[in-house]
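Since the structure comes first, as structure tokens, the remarks are kept for the end.
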Amino acid sequence: MSETGPAINLNREIANPNNPLVFFDVKIGDEKVGRLLIELRADVVPRTAENFRALCTGERGVSPLTGVKLHYKDTRFHRVKSLFMSQGGDISGGGGSGGESIYGKTFEDENFTLLHEDGAVSMANHGKEHTNNSQFFITSGECPHLNGTNVVVGYVIRGNGIIG
């Protein structure tokens with residue numbers, strides 16, 4: 011990832027020690043500014059968490075549908091709204107118009123159990139149900155208006171004050 015907004019500094023407790031942890035090393039230009047550590051809530055949204063985890067590791071290689079590299083490495087936060095959210099994960103286009111999941115172009119909403127609290131990592135969609143792909147956003151505060159429309163996949167548990 012490569013762009014960021016104002017700072018949030020989260021130190022959240024891990025909800026379930028069996029959940030996977032992933033990280034992003036964030037830079038602005040060529041300067042490293044910190045690491046985001048994210049707990050993926052596989053205990054609540056296992057399919058969504060597996061999509062996100064596999065995109066973090068890049069272990070699925072390239073998409074058999076499009077040839078796109080299924081990996082978040084070197085993607086950027088293409089949309090930053092101060093005091094709201096930072097959005098990234100467009101693995102195919104880079105600017106917010108693309109994306110692809112490990113399951114195909116899109117995949118279904120799993121559930122809306124987890125809430126959009128400060129530091130929520132949530133799947134971006136096309137404003138319609140069941141349009142999740144690789145794009146996600148990280149909230150910079152509570153966003154209750156997104157509950158029931160976007161699937162929260164996890165929470166930033168350590169943020170080094172680098173996003174917002």
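Quick note: the sequence shown uses the working numbering, first residue 11, plus one each step.
All C-beta atoms, glycine included, are put in the ideal place defined by N, C-alpha and C.
Just so you know, these numbers come straight off a predicted model, no measurement behind them.
Per DSSP, cross-strand counterpart(s) of F146: G98, M133
Tell me which residue opens and which closes the alpha helix (DSSP H) that E60 is part of. Where E60 is concerned, the enclosing alpha helix (DSSP H) stretches over 56 to 67.
CA-to-CA distance, V54 to T123, given in whole angstroms: 7 Å
Rank S107, K138, H155, N160 by C-alpha distance to the C-alpha of F147 and give the top, closest one. Ranking S107, K138, H155, N160 by Cα distance to F147 puts N160 first.
According to DSSP, is L156 part of a helix, a strand, or is it coil? helix
Inter-stretch contact (C-beta, 8 Å, three-pair minimum) for the stretch 69 to 80 and the stretch 101 to 112: yes
Count Cβ pairs between the stretch 153 to 169 and the stretch 126 to 135 that sit closer than 8 Å; are there 3 or more? Because the criterion of three Cβ pairs below 8 Å is met, the stretch 153 to 169 and the stretch 126 to 135 touch.
By alpha-carbon positions, which one of Y82, G68, E41, T58 ends up nearest to T141? For T141, the nearest C-alpha among the options comes from T58.
Go through its chain and collect everything with a Cβ distance to T116's Cβ below 7 Å, but skip five positions before and after it. H140, T141, N142, N143
Does the Cβ of G15 have 16 or more other Cβ atoms within 10 Å, making it buried, or fewer, making it exposed? Per-residue confidence for G15 stands at a pLDDT of 41, beneath the threshold of 50, marking its modelled position as unreliable; the derived number appears in the next sentence. By the 10 Å Cβ count, G15 comes out buried.
Nearest-angstrom Cα distance between N157 and N121? 10 Å
Residue burial classification, S102 (beta-carbon count within 10 angstroms, cutoff 16): S102 comes out buried.
Compute the distance between the beta-carbons of C66 and V43, then report whether it is under 7 Å. No, these two residues do not count as a Cβ contact at 7 Å.
Buried or exposed, going by whether 16 or more other CB atoms sit within 10 Å of the CB of R2? Residue 2 lies beyond the stretch modelled for the chain, which goes from 11 to 174, so this question has no answer here.
Helix, strand or coil for V163 per DSSP? strand
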